[in-house]
Each structure stands twice: as structure tokens, then as C-alpha cells.
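Engineer:
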């Protein structure tokens with residue numbers, strides 16, 4: 001007879017989480033680092049009781065907002081290169097619903113996180129309980145069903161013994177490089193406390209192996225033939241290359257054959273910025289150097305990228321007539337994109353195989369062109385660092401309807417003439433090279449992908465698969481838990497800050513010091529750029545009160561109210577001083593950086609396909625419509 005141990009469902013869950021390990025490249029570590037929680041009536045007497053009684057090695061953190069703590073868990077997994085995760089538990093109803101945005105974020109970015117929301121009663125006897133929704137179409141529907149389409153795996157535990165098969169399936173998904181993403185196990189509040197005689201062997205140490213899938217001989221041969229027949233190949237480094245740790249082999253391949261490297265948002269920081277063949281960010285938020293090479297390429301080698309519209313400039317960033325695609329990806333779905341020759345394999349392992357098989361005398365035809373393109377971009381980058389704006393030299397063509405008089409209002413209200421580009425570059429030059437920067441939404445991801453030089457690997461942390469406003473501060477908090485010995489900076493606009501900054505308090509509570517770099521241009525500047533650049537007037541994207549006055553907020557004072565340190569700066573010199581002081585702080589700091597709107601970088605050789613009104617009273621939108629028609633006529637459609 002098998003030995004058993006009598007536990008509640010929640011106690012069995014916690015005991016199981018403590019026994020999961022991941023083995024990668026010979027290193028074995030506990031896979032579940034800890035649990036973020038907000039307790040309510042749906043989980044406090046289930047998982048809450050189990051964690052209070054015996055958490056094992058799990059680190060326990062109280063969240064302040066369900067979406068915020070979930071973003072922290074996602075960021076932890078991202079910064080840990082998907083080798084460790086957090087679980088997230090919430091109550092039933094609104095608490096569970098708040099996970100939906102975060103789940104979408106994790107799904108889009110292929111990031112593992114375990115969601116454990118409370119649920120209504122499995123017995124249905126007390127129905128409808130507090131926070132329960134009711135649908136005529138089915139009594140079994142609860143708030144947690146909203147998590148189905150944004151979960152890689154979803155299950156509801158109706159009986160204690162169901163937990164065993166559900167957990168095995170969940171961890172198969174969480175530890176698989178291809179299927180990695182959010183897992184939801186909904187726990188009805190009565191089932192969480194129900195007891196069962198679980199087999200002791202279910203709680204033995206279980207090691208999950210993250211093996212590197214090799215390319216087949218056929219795939220390697222096809223890749224070698226494609227590369228050696230090309231004159232202008234380019235390596236597009238995506239998130240898969242980053243998680244695979246493929247930086248060294250990318251540098252070796254590029255150096256041996258003079259193949260330039262360009263980076264997606266998820267791939268940036270895989271190869272350090274000062275590597276001579278690294279041209280930086282590509283696509284809509286890319287720079288001139290990377291986009292110029294991309295347009296010239298006759299072979300585009302995608303390494304762990306899903307080819308989002310921002311990476312491909314809505315499929316207009318390359319020459320359709322001559323460009324071919326070679327796609328290396330653990331996901332067969334992504335490897336098949338753009339009708340490319342596909343290699344379904346681990347990025348690092350496949351690149352090692354290809355590098356070993358390429359003819360040693362193969363060289364691209366770029367010659368000195370790469371260095372020249374790189375030099376031109378560095379000159380542009382220097383120009384942007386020195387650019388200042390005032391009402392006399394402001395160029396209206398940059399801003400559409402944004403007039404010099406409009407700018408004067410901002411100068412007066414914000415009390416600054418600091419540009420966003422110069423602020424970003426000042427920060428890049430001022431902080432230590434191993435500092436981690438975190439961002440997600442607004443105009444900052446564009447400036448950062450173009451301008452930021454990642455001087456150390458795994459220090460550029462951008463969530464741009466879902467571009468989730470509100471991720472930035474929670475993400476920095478999660479990254480700090482993953483990398484406690486490094487400085488972590490959250491780049492956040494005032495628009496994103498207003499949406500979600502709850503985990504600022506958590507960072508203070510648990511002494512997880514982060515530095516928040518709050519760029520304040522009194523509005524949703526990125527979307528304001530989009531509407532005005534497409535012929536619209538400014539409408540609904542600036543923070544204007546009922547008296548048509550620009551609204552201003554003292555963010556430094558707000559941070560101080562949370563127990564953090566607050567600074568306000570309006571010049572490059574003030575920013576340098578604040579950065580130096582913040583680095584010496586032992587607790588979370590917020591630097592309120594007042595920047596002028598319309599002073600971020602523009603597009604470089606790129607175009608983004610967005611929906612435009614085909615009937616409008618504004619004649620200026622006609623130019624945008626004509627450009628779109630021209631671009632679509634030339635764009636690849638599959």
C-alpha cells in the first residue's frame with residue numbers, strides 16, 4: 001500500500017511548489033522562488049492558511065494591486081531568463097479579474113507565471129457568494145473564465161485529487177521553452193480547505209529539464225546554403241536569443257563572417273552595445289543604422305523573434321524583391337513566419353551548429369559600409385544629446401499642429417526646457433554599466449531602443465510584446481527581487497504612472513530599492529504624436545482641466561508620502577546630481593524629470609501601419625492616407 005499524507009488542497013499545493021527544480025546547462029535551482037499575494041475571502045483561509053503554516057523556502061510578498069504584483073512576478077521571470085518563477089494568488093471576483101491584463105502581458109511575451117485565483121464554491125450551495133458573477137448561459141461560469149484566452153494552460157480544481165494531474169500539466173507548460181507562458185489554476189474556496197490523503201511520492205523532489213533542442217542536419221544544411229549564397233545577410237536578435245544566452249555565439253558568427261546584428265526590443269542586451277557589428281534597435285522604434293542595413297539585406301536571419309509589426313516596420317522594413325528569411329526559433333509557429341526557411345531549435349545550439357558548418361572563407365559584401373553606417377548613427381546620437389528647444393527655434397514640422405505658442409504653455413507650466421532625448425542620454429552616461437533599466441509603454445521605448453547603449457548583458461528589460469502601461473514600476477520591483485545586487489531603474493511616463501504605481505509601496509515595504517525615472521510631459525505623449533502625425537488635432541491626450549489649463553503634479557512629493565525619496569529636476573545638471581544621490585540611497589527613490597513634449601526621437605526609415613479614418617473633415621489627414629496606400633501596395637501580406 002502506498003504511503004499517504006493527509007493535507008488540504010492548498011497545503012498540498014504549497015508542498016508541491018517547494019519540490020520543483022529546474023535543470024539548465026548543468027545548473028539545478030528551485031524553480032518556484034515565492035508567492036505574491038493579496039488575501040481575500042476566496043483564498044485567505046485556503047492558500048493563506050497553508051503559507052502561514054509552512055511556506056518552506058518560498059518567499060512571500062504582499063501585493064498592493066493584483067495586476068501590479070502579477071507584473072512583478074512576470075518581470076522576475078523575465079529578468080531570471082525564465083529559469084525561476086513566482087506564483088500569484090488572489091481572491092475571487094475583482095481580484096481575479098485584475099489578473100487579466102497581466103496574463104495577456106505574460107502570454108504575449110512567453111513568460112512563465114503561475115496564477116492561483118480563488119473561485120466560487122465547487123458545491124454551489126452558498127451561491128451566489130460575495131463577488132460572484134451570474135450568467136444565464138451557464139452557472140459554472142465565473143470571473144476566472146476571463147483568464148482562459150490569456151492563459152497558456154487553464155484549469156479549475158473541483159476536487160482535491162484533481163490537483164495532482166493539474167499541477168503536472170501546469171509545470172510541463174511552465175518549464176517548456178516553446179509553451180512558456182501564464183498558467184491559471186482556479187481554486188474554489190471550499191476545495192482549497194478540503195482534505196485528501198495524497199500519495200507521499202507526489203511530493204518528492206521533481207527536476208524539470210530545460211534541454212537545448214538541436215537543429216537537424218537538414219536544417220543546418222539549408223541554413224548554410226542560404227547564408228553562403230547571400231551577400232548582405234543580417235542577424236535579427238530577438239527575445240529567444242536573449243533567453244537562450246546566445247550573445248557569445250552571435251558575436252563569434254558575426255565577427256568571423258562580418259554579418260551585422262540588429263536588435264528587437266526583447267533581444268536588446270543579448271549582445272553588448274559596443275560590439276562593433278551591433279547596429280542597435282531595428283524597426284519602428286529602431287535607429288537609422290539598423291533600419292538602413294535591414295532594407296539592404298538579401299537574407300534576414302531571425303534569431304528567436306516573432307516578427308512583430310514594430311520589428312518589421314509593418315512588413316515594409318525590408319526589400320521584398322530580394323530579401324529571404326531564415327528563422328531560428330523554438331516555436332514552430334514563429335519559425336514559419338514570412339515564408340521563411342525554418343529551424344525549430346534552441347537559438348544558441350542552432351547558431352553553434354551553423355557556425356561550425358559555415359565555410360571559413362565566407363565573407364559578406366558589406367566591407368567598410370557597416371562602420372560608416374555606425375559612425376553616421378553615432379553622430380546623430382551625439383546631436384540628439386545636445387539638442388535644446390525653446391519657443392524661438394522650435395520646428396513645427398516635427399509636431400504637426402503643435403505650435404510654438406502651444407510649446408510656450410508647457411515651458412511656463414512645467415518650468416523646464418529639458419528634452420526627453422537629452423535626458424535619456426544623460427542617464428545612460430551617468431549610471432553604472434551593470435544597472436538594469438525597465439520600461440514598457442509610451443514614447444520611452446522608442447527612445448530607449450534607439451538611443452540606449454546596453455553596456456552589460458541582461459540589463460535592458462523592456463516589456464514590448466504587449467506594451468503594458470503600468471508595468472514599469474512593478475516590473476522594476478520584480479527585476480530587483482531577481483537581481484538584488486544591481487541598481488534597477490524604472491523608465492516611466494506620467495501617463496503610465498497614473499495608471500499603476502502601487503508596487504512603489506511594496507518596494508519600500510520590503511526594502512527592494514529601485515529608482516523611478518518619471519518623465520513628465522503632462523499627457524499621453526506617444527499617442528498625441530500618433531494622432532497629430534496622422535493629421536488629427538490634439539484631442540484627449542493631454543492632461544488639460546475644465547478651465548483648459550495644463551495640469552501639473554508634484555510626483556516627488558507623492559513619492560515622499562509613500563516613504564520613498566523624491567527629487568524634481570528640470571535640467572541636465574540637476575538630473576546628474578539627482579542620479580548620483582539616488583544611487584547612494586538605500587531605499588526607493590523617484591526622480592521627477594520635467595521634459596518638454598515633442599522632444600523624443602522621430603522615426604528613422606520606418607513606417608507603422610495604424611488604422612486611419614478614410615472620411616474626415618481634416619485635409620491634413622489626406623497625406624497620411626496616401627502614404628498608407630503607398631506602403632500597403634508594397635508590403636508583404638503573409
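Numbering (UniProt numbering), first residue to last: 1 to 638. Built from N, CA and C at the ideal position, the CB exists for glycine as well.
1) Among 210, 296, 605, which one has its Cα closest to the Cα of residue 29?
2) Assess contact between the stretch 553-564 and the stretch 624-633, defined as three or more Cβ pairs (one per stretch) separated by less than 8 angstroms. Is contact present?
3) Classify residue 450 as helix, strand or coil using the three-state DSSP reduction.
4) Taking the alpha-carbon of residue 332 as reference, which of 317, 306, 224 has the nearest alpha-carbon?
5) I need the DSSP call for residue 27, collapsed to helix, strand or coil.
6) Return yes when the Cβ of residue 148 is within less than 7 angstroms of the Cβ of residue 20, no when it is not.
7) Applying the criterion that 16 or more other CB atoms from any shown protein chain within 10 Å of the CB defines a buried residue, is residue 396 buried or exposed?
8) Check this for me: beta carbons of residue 91 and residue 68, under 7 angstroms apart or not?
9) Using DSSP's beta-bridge definition, name the partner residues of residue 208.
10) Report the three-state DSSP secondary structure of residue 604 (helix, strand or coil).
11) Relative to the C-alpha of residue 127, which residue among 430, 141, 388 is closest?
12) Under 8 angstroms, with one C-beta from each stretch per pair, do the stretch 351-371 and the stretch 226-233 reach the 3-pair mark?
13) Between the alpha carbons of residue 507 and residue 150, how many angstroms are there, rounded?
14) What ranges does the alpha helix (DSSP H) occupy inside the stretch 502-549, keeping only unbroken runs of at least 4 residues that lie completely in it?
15) With a CB to CB cut of under 8 angstroms and the five nearest residues on each side skipped, what residues in its chain are close to residue 398?
16) First and last residue of the beta strand (DSSP E) that includes residue 233?
17) Measure the CB-CB distance between residue 89 and residue 43 and report whether it falls below 7 angstroms.
18) Hey, could you find the ends of the alpha helix (DSSP H) residue 498 is sitting in?
19) Taking the alpha carbon of residue 325 as the reference point, which residue from 214, 225, 269 has its own alpha carbon closest?
20) Looking at the structure shown, is residue 428 part of a helix, part of a strand, or coil, going by DSSP?
21) For residue 285, which of 299, 271, 562, 266 has the nearest alpha-carbon?
22) Nearest by alpha-carbon distance to residue 585: which of 616, 511, 545, 620 is it?
23) Looking at the unbroken beta strand (DSSP E) that takes in residue 594, where does it start and where does it end?
24) Looking only at DSSP bridge pairs, what is residue 640 linked to?
25) For the stretch 46-71, list the beta strand (DSSP E) runs that are entirely contained and at least 3 residues long, ordered along the chain.
26) Around the Cβ of residue 94, are there at least 16 other Cβ atoms within 10 angstroms (buried) or fewer (exposed)?
27) Looking only at its chain, what residues have a beta carbon closer than 6 angstroms to the beta carbon of residue 375, apart from the 5 residues adjacent to it on each side?
28) Please state whether DSSP places residue 468 in a helix, a strand or coil.
29) Quick check: the stretch 120-137 against the stretch 73-85, are at least 3 beta-carbon pairs closer than 8 angstroms?
30) At which residue ranges does the UniProt domain "Thiamine pyrophosphate enzyme central" (220-354) contain complete beta strand (DSSP E) runs of 3 or more residues, listed in the order of the chain?
31) Within 10 Å of its beta-carbon, does residue 11 have 16 or more other beta-carbons around it, so buried, or fewer, so exposed?
32) State whether the stretch 462-477 contacts the stretch 103-111, with contact taken as three or more CB pairs (one from each stretch) at a distance under 8 angstroms.
33) To which residues of the same chain is residue 415 closer than 7 angstroms at the C-beta, ignoring the five residues directly before and after it?
34) Does residue 411 come out as helix, strand or coil in the three-state DSSP assignment?
35) With distances taken Cα to Cα, identify the nearest neighbour of residue 215 among 315, 116, 342.
36) Got a sec: is the Cβ-Cβ distance from residue 515 to anything in chain C below 7 angstroms?
Structural biologist: This is what the structure holds:
1) 210
2) They do not touch, by the three-pair rule.
3) helix
4) Taking residue 332 as reference, the option from 317, 306, 224 with the minimal CA-CA separation is 306.
5) strand
6) The beta carbons of residue 20 and residue 148 sit no closer together than 7 angstroms.
7) Per-residue confidence for residue 396 stands at a pLDDT of 37, beneath the threshold of 50, marking its modelled position as unreliable; no derived number is given.
8) no
9) 22
10) coil
11) Of the listed residues, the one whose Cα sits closest to residue 127 is 141.
12) yes
13) 27 angstroms
14) 503-509, 525-533
15) In this predicted model, residue 398 has a pLDDT of only 41, less than 50, meaning its place in the structure is not dependable; the value taken from the coordinates is given anyway. Counting only Cβ-Cβ distances below 8 angstroms, and skipping sequence neighbours, we find 598, 602.
16) 233-237
17) Yes. Within cutoff.
18) 494-499
19) Out of 214, 225, 269, 225 has the C-alpha closest to the C-alpha of residue 325.
20) helix
21) 266
22) Comparing alpha-carbon positions, the option among 616, 511, 545, 620 lying closest to residue 585 turns out to be 511.
23) 589-594
24) Since the first and last residues shown for the chain are 1 and 638, residue 640 lies out of range.
25) 59-62
26) exposed
27) none
28) Reduced to three states, the DSSP call for residue 468 is coil.
29) no
30) You should have 233-237, 261-263, 278-281, 299-303, 324-329, 341-344.
31) buried
32) yes
33) Closer than 7 angstroms at the Cβ level, and outside the excluded window around residue 415, lie 570, 594.
34) helix
35) 342
36) In the structure shown, chain C does not exist; there is a single protein chain.
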